[in-house]
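Below is one structure; the comments refer to it alone.
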Amino acid sequence: MTKPSRRAARSAPGQPAARPRSSGVPGVAAAGRAAQWPRGAHVSGLDHPAPPTDPRRGYRAKFRRGPEVPQGLTQAEGPVPDLDSVRVGQGVLRAEVQGLSLIDAALSEGLAAPFARAFARAVDAIRTARGRLIVSGMGKSGHVGRKIAATFASTGTPAQFVHPAEASHGDLGMITSADICLLLSASGETKELADVIAHARRHAIALIGISRVADSTLMRQSDPGLLLPDAPEACAIGLAPTTSTTMMMALGDALAVAVMQARGFSREGFAAFHPGGTLGAQLAPVRALMHDGDALPVVTPDTPMGEALIEMSRKGFGVVAVVAGDRLAGVVTDGDLRRNLDGLMARTAGAVATPNPQTIGPDALASEALGIMTARRITSLMVVDGGGTLLGLIHLHDCLRAGVA
Numbered sequence: 001m002t003k004p005s006r007r008a009a010r011s012a013p014g015q016p017a018a019r020p021r022s023s024g025v026p027g028v029a030a031a032g033r034a035a036q037w038p039r040g041a042h043v044s045g046l047d048h049p050a051p052p053t054d055p056r057r058g059y060r061a062k063f064r065r066g067p068e069v070p071q072g073l074t075q076a077e078g079p080v081p082d083l084d085s086v087r088v089g090q091g092v093l094r095a096e097v098q099g100l101s102l103i104d105a106a107l108s109e110g111l112a113a114p115f116a117r118a119f120a121r122a123v124d125a126i127r128t129a130r131g132r133l134i135v136s137g138m139g140k141s142g143h144v145g146r147k148i149a150a151t152f153a154s155t156g157t158p159a160q161f162v163h164p165a166e167a168s169h170g171d172l173g174m175i176t177s178a179d180i181c182l183l184l185s186a187s188g189e190t191k192e193l194a195d196v197i198a199h200a201r202r203h204a205i206a207l208i209g210i211s212r213v214a215d216s217t218l219m220r221q222s223d224p225g226l227l228l229p230d231a232p233e234a235c236a237i238g239l240a241p242t243t244s245t246t247m248m249m250a251l252g253d254a255l256a257v258a259v260m261q262a263r264g265f266s267r268e269g270f271a272a273f274h275p276g277g278t279l280g281a282q283l284a285p286v287r288a289l290m291h292d293g294d295a296l297p298v299v300t301p302d303t304p305m306g307e308a309l310i311e312m313s314r315k316g317f318g319v320v321a322v323v324a325g326d327r328l329a330g331v332v333t334d335g336d337l338r339r340n341l342d343g344l345m346a347r348t349a350g351a352v353a354t355p356n357p358q359t360i361g362p363d364a365l366a367s368e369a370l371g372i373m374t375a376r377r378i379t380s381l382m383v384v385d386g387g388g389t390l391l392g393l394i395h396l397h398d399c400l401r402a403g404v405a
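Take a look at the structure:
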């Protein structure tokens, strides 16, 4: 009698079911062993329905398809949110806007009002300081202080955040007699600020305080002190720093911008402090992106068009500048070539060129150059000085590569 095959023997009555071959996919063998389990059973520590019967096809197909989404919804939408949360958010914004409105009203009273007078004195003290603006605060006030210091630094006022706890362990040495301190504390009694206040008083360092409590240690030691309006916090329990930190942040911005304008801080200065990212690109001068020297496609008015075409092709800008002496006399573009096809090679660059082309100065912003090129539907601009001397060329692609928009 013929001996049954090993596969048939496994499938014979009374024998265990044949185990599926491994597919090479981790977990598939285990899925095969669980294929006959009731749907929804607990499999290998995962609370999800068991895989389909065929572990080598259905298991992988299930994950290719992704989870099923109820009809009428997309995965991005998810379930409809509770409208109550929207109303809570609206209430928070209204509470914080109310706090800002109170600051605005206090400043609107003019220098006769204590708050406006203290604000003006703070601006003048920061503007005339010989050293840096040292900003310090603890907790949420500290986070706000970091942002305020960064805003001052980026708008022309040297500023640094000093953590009050670290100050008590050696960082007080960062604060010199030439500096001025801006301390933030909603209660005015933050114990970590005590050593900073004492250091400022010991070395006659000017101290500006921002607090919500008039009769607090910080406000008593500050000159001037900026007293925040009595506006409730926006959270349900009235304790989480919300309205108070928003008022601090806005007041810090107001001080920074006021000092910035008092210093006469310019766009050029702002660009110098923001060389990277989108801001840097928007404020980059044309001279930073232009091509000059040997990269410029240049011919004279008497240059034969054959040579001008070679120069245009070699430099790769689709344009060639026609220069008489050092001054720009015109440009030859592909449009000029199309308009002068008849007898083109018998003519000179000066005869074909467009005179008095659109130009731009080297100190103009690259964003301005991009705007001109976009409006005129051209791809390059010649860069000249006030006397018309050719300095360089800026191309549309240079602006786009730099992130100018």
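If you're matching positions, the sequence shown starts at 1 in full-length UniProt numbering and goes up one per residue.
Note that CB positions come from ideal geometry on N, CA and C, so glycine has one too.
In this text, all values refer to a predicted model and were calculated from it rather than measured experimentally.
- Burial check for S177: the Cβ neighbour count within 10 Å stays below 16, so the residue is exposed.
- For the pair G306 and M260, the CB atoms are not nearer than the 9 Å cut-off.
- C-alpha of R314 to C-alpha of K147: approximately 50 Å in a straight line.
- Rounded to whole angstroms, the separation of the alpha carbons of A308 and D302 is 10 Å.
- One thing to note: D292 has its Cβ no nearer than 9 Å to the Cβ of V404.
- Annotation for A129: I180 place their beta carbon closer than 6 Å to its own, counting only its chain and skipping 5 residues before and after.
- Residue environment for H395: buried (at least 16 other C-beta atoms within 10 angstroms of its C-beta).
- With 16 or more other CB atoms across the displayed protein chains lying within 10 angstroms of its CB, L328 is buried.
- Annotated three-state conformation of A178 is coil, per DSSP.
- DSSP, reduced to helix, strand and coil, places H395 within a strand of the structure shown.
- Taken atom to atom, the span from the alpha-carbon of G110 to that of Q282 is near 36 Å.
- For G325, the closest alpha carbon among the candidates L296, L390 and L289 is that of L390.
- About 14 Å separates the Cβ atoms of V323 and M312, ruling out a contact at the 8 Å cut-off.
- The three-state secondary structure of H199, taken from DSSP, is helix.
- For Q160, there is no enclosing alpha helix (DSSP H); the residue is found in the beta strand (DSSP E) stretching over A159 to F161.
- Closest option to G335, judged by alpha-carbon separation, among A258, G318 and C399: G318.
- Given a length threshold of 3 residues, each whole run of the beta strand (DSSP E) inside the UniProt domain "SIS" (122-265) is given here in chain order: 133-137, 159-161, 180-184, 206-211 and 225-227.
- Per the coordinates, the alpha-carbon of H397 lies some 9 Å from the alpha-carbon of S380.
- G330 counts as buried, since no fewer than 16 other beta carbons sit within 10 angstroms of its beta carbon.
- For the pair of segments examined, the segment 206-216 was found not to touch the segment 258-275: the number of CB pairs separated by less than 8 Å stays below three.
- Under the criterion of beta carbons closer than 8 Å, P164 and L193 qualify as touching, at roughly 5 Å.
- Between the alpha carbons of F119 and L172 lies a gap of roughly 26 Å.
- Counted as a single uninterrupted DSSP element, the alpha helix (DSSP H) harbouring R94 occupies residues L83 to S108.
- DSSP places V384 within a strand segment (E or B) once states are collapsed to three.
- Residue nearest to P114 within the set G386, L227 and L289 is L227 (criterion: CA-CA distance).
- As the crow flies, the alpha-carbon of H169 is around 10 Å from that of D195.
- With a cut-off of 8 Å on Cβ pairs, the segment 239-254 is in contact with the segment 134-143, counting three or more such pairs.
- For G330, the enclosing beta strand (DSSP E) covers residues R327 to T333.
- In this structure, the beta-carbon distance from L182 to V135 falls below 9 Å.
- Distance from the CA atom of A369 to the CA atom of R263, rounded to whole angstroms, is 28 Å.
- Each residue's CA atom was taken as its position, placing S216 and D230 some 14 Å apart.
- When DSSP assignments are scanned along the UniProt domain "CBS" (290-347), the uninterrupted stretches of beta strand (DSSP E) that are 3 or more residues long and fall wholly within it turn out to be 319-324 and 327-333.
- Under a 10 Å Cβ-count criterion, M219 is classified as buried, with 16 or more other Cβ atoms of the shown protein chains found around its own Cβ.
- Within the same chain, Cβ atoms closer than 6 Å to the Cβ of F161 are found at V135, G145, R146 and A149, the five residues on either side in sequence being excluded.
- Residue environment: I126 is assigned as buried (16 or more neighbouring CB atoms within 10 Å of its CB, all protein chains considered).
- Relative to P304, the option among V352, H203 and G238 whose CA is nearest is V352.
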